[in-house]
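A.B. asks:
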Amino acid sequence: MKRTRTVISTVLALLLCSMVGVAVYPRFKRIEKRGPEAERVSATLPGDTNTAAAAITAAFNDWAEFDVPNRRGSFPNKFPYRTKWSFFFLFHKGDPRHPLFPSDEEILLDRGADSFVPGYVRIPAALRSQDLYLYEPSGDYFWESEYFYQGQPAKFRCSFLIHIEPAKDSGVRVEIFEYQPYIWVGEYLGLSAHAILPAMLHDIRPAQPTTADRMEVLQMIQRAAASPPAGTPSPAR
């Protein structure tokens with residue numbers, strides 16, 4: 081009997097050590113961030129804030145246009161099927177029909193490891209009244225960006241806060257902030273609310289914002305601002 085108890089105790093100790101080892105392992109995963117140093121991403125556009133907001137709306141899909149009551153036919157997505165930006169939609173600050181733009185409290189509580197986004201909340205509220213939120217609604221779409229795991233591109237996702245305000249001299253300053261940047265770096269053994277025993281779970285963790293993704297958003301806005309509005313006749317030759 082004593083020998084049986086010893087064997088059981090040994091097995092339980094080994095099992096506990098294994099579980100502790102597996103639980104600690106994610107902390108030592110080799111994760112790299114490649115690309116430019118994280119920096120503020122902004123530019124000055126011609127026109128006023130209304131012109132800039134129109135350019136942003138022209139550049140991306142707008143949820144207010146997608147969620148139209150009794151809309152007929154398929155939504156005319158501005159991007160090729162299942163490409164990165166085809167999953168994203170704009171939400172307008174203060175839109176009562178689609179109140180998905182996060183509050184300042186939510187931004188600060190849910191920012192994760194993002195060191196830039198608190199600066200967004202410090203901008204006076206009056207200067208953020210026309211801001212837009214670029215968001216992928218499913219929460220399941222990830223793409224390759226600046227992060228690497230075990231030498232291979234890691235999966236990444238985030239949302240974007242697009243700030244527009246009058247520039248000091250003339251024009252409009254547009255600045256891009258990332259909100260809730262996350263990386264998906266493999267799996268880990270953990271406890272799930274849907275299982276009694278430990279199970280393999282997605283290792284999704286907060287990350288610092290990327291520069292490349294914010295630059296991509298800004299460049300798309302700049303191209304839209306430089307393009308004539310739809311329906312504008314071409315100049316006569």
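Here the sequence shown is numbered in my numbering, starting from 81 and rising by one per residue.
Glycine included, every Cβ here is placed at the ideal spot set by N, Cα and C.
Model, not experiment: these values are computed from the prediction.
(1) Is DSSP giving Lys235 helix, strand or coil here?
(2) Over what stretch of residues does the alpha helix (DSSP H) that includes Ser129 continue unbroken?
(3) Counting pairs of Cβ atoms below 8 Å between the stretch 228-237 and the stretch 196-206, do you hit three or more?
(4) When you compare only the Cα positions, how much space is there between Pro198 and Ser250?
(5) Kindly list the residues whose CB is nearer than 8 Å to the CB of Ala304, restricted to its own chain and excluding five residues on each side of it in sequence; keep chain order.
(6) What does the alpha-carbon distance come out to for the pair Thr290 and Pro160?
(7) With respect to the alpha helix (DSSP H) encompassing Gln288, which residues constitute its N-terminal and C-terminal limits?
(8) Could you say which of Ala292, Gly115, Ser122 lies nearest to His243 if we only look at CA atoms?
(9) Using C-beta distances below 6 Å, list every residue in its chain close to Gln232, excluding the 5 sequence neighbours before and after it, in chain order.
(10) Determine the burial state of Asp147: buried for a count of at least 16 other Cβ atoms within 10 Å of its Cβ, exposed for fewer.
(11) Using only the alpha-carbon positions, how far apart do Tyr105 and Lys164 sit?
(12) Would you please state the rounded distance, in angstroms, between the beta carbons of Asn141 and Leu180? I believe it to be under 8 Å.
(13) Looking only at C-alpha atoms, which of Leu241, Ala292, Val265 sits nearest to Tyr229?
(14) For the beta strand (DSSP E) holding Val148, just list the boundary residues, first then last.
C.D. replies: Let's see:
(1) strand
(2) Note that residue 129 is Thr in the sequence shown here, rather than Ser. Thr129 -> alpha helix (DSSP H) spans 129-139.
(3) no
(4) 26 Å
(5) Ala135, Ile136, Ala138, Ala139
(6) 24 Å
(7) No alpha helix (DSSP H) holds Gln288; DSSP gives it neither H nor E.
(8) Ser122
(9) none
(10) exposed
(11) For Tyr105, the pLDDT reaches just 45, beneath the cut-off of 50, and the residue's location in the model is therefore unreliable, leaving the point undetermined.
(12) Not quite, the Cβ-Cβ distance comes to about 14 Å (not below 8 Å), so this is no contact.
(13) Val265
(14) Per DSSP, Val148 belongs to no beta strand (DSSP E) and is neither H nor E.
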